[in-house]
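Residue numbers (the UniProt record's numbering): 1 to 186.
Where a beta carbon is used, it is the ideal one built from N, C-alpha and C, also for glycine.
Quick caveat: nothing in here was measured; it's all calculated off a predicted structure.
For reference, the structure discussed in these notes is given below.
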């Protein structure tokens, strides 16, 4: 049986996605300008990184989780089934869930801040990030092999992180001025 998982796989995947994102920024810079190209590439990278962190099994040795032992519903208990049991670098799971979505929210605003339509697209994009979080939780529920828990707390924390990133992006927008990038680059 081939098993894939663990932090090494997540980091390797994030590095590979980072290389593709840098290449994407270099290719699109000519048309979008540096700020917008980096923001689009950063948004794509952050979405892949989120998928890696949330959908790759935490350990490679999990094997097959029998369907009868997996949960058949999401936890609606705020605080979730795992609570503070998971910790990385002294940060608990809830803090990590918030931080995971901050770059996506920030890059979203900077990626579409180049156009006036961004005023309409930004809130739609934020709703899209919330839907992305919901989709991840649904996949975690359906795929027992992941050995992950579907939890409403994760969605709340992820949306909070996307919102914090969104505000950071709005604050950075007038400083970075992506709408001027293309003229300044030529």
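Asked: I'd like the list of long-range same chain contacts for residue 18, defined as Cβ closer than 7 Å, with 5 residues on each side in sequence excluded.; Found: 45
Asked: Since residue 111 contacts residue 14 with CB under 8 Å, what's their CB separation in whole angstroms?; Found: Wrong, their Cβ atoms sit about 19 Å apart, outside the cutoff.
Asked: From residue 49 to residue 130, what distance separates their C-alpha atoms?; Found: 16 Å
Asked: Pick helix, strand or coil for residue 75, following the three-state DSSP scheme.; Found: strand
Asked: How would you call residue 175, buried or exposed, if buried means at least 16 neighbouring beta carbons within 10 angstroms?; Found: exposed
Asked: Should residue 55 and residue 142 be called a contact, given that it needs their Cβ atoms to be closer than 9 Å?; Found: no
Asked: To the nearest whole angstrom, what separates the beta carbons of residue 198 and residue 162, a pair I think is in contact under 8 Å?; Found: The requested residue 198 does not occur in the structure, where the chain is confined to residues 1 to 186.
Asked: Start and end of the alpha helix (DSSP H) containing residue 174?; Found: 152–176
Asked: Closer than 7 Å by C-beta to residue 152: which residues in its own chain qualify, once you throw out the five before and the five after it? Chain order, please.; Found: 74, 75, 76 and 78
Asked: Let me know if residue 187 comes out buried or exposed under the rule of 16 or more other beta-carbons within 10 Å of its beta-carbon.; Found: Beyond the ends of the chain as shown, which are 1 and 186, falls residue 187; an answer cannot be given.
Asked: Residue 25: buried (16+ other C-beta within 10 angstroms of its C-beta) or exposed?; Found: buried
Asked: Output the distance between the C-alpha atoms of residue 53 and residue 42, rounded to the nearest integer angstrom.; Found: 16 Å
Asked: Assign residue 125 to buried or exposed, taking buried as 16 or more other Cβ atoms, counted over all protein chains shown, within 10 Å of its Cβ.; Found: buried
Asked: Rounded to the nearest angstrom, how far is the Cβ of residue 104 from that of residue 47, given a contact under 8 Å?; Found: 6 Å
Asked: Rounded C-beta distance between residue 113 and residue 178? I'm assuming under 8 Å.; Found: 5 Å
Asked: Should residue 95 be listed as close to the ligand ATP, given that the test is whether its C-beta is under 8 Å from any heavy atom?; Found: Ligands displayed in this structure: none; no statement on the ligand ATP is therefore possible.
Asked: My output table needs one value for residue 31: the three-state DSSP class, helix, strand or coil.; Found: helix
Asked: With a 10 Å radius around its C-beta and 16 neighbouring C-beta atoms as the bar for buried, classify residue 57 as buried or exposed.; Found: buried
Asked: Apart from the five residues on each side of it in sequence, which residues of its chain come closer than 7 Å, Cβ to Cβ, to residue 109?; Found: 122, 166, 169, 170 and 173
Asked: By alpha-carbon positions, which one of 158, 138, 128 and 137 ends up nearest to residue 98?; Found: 158
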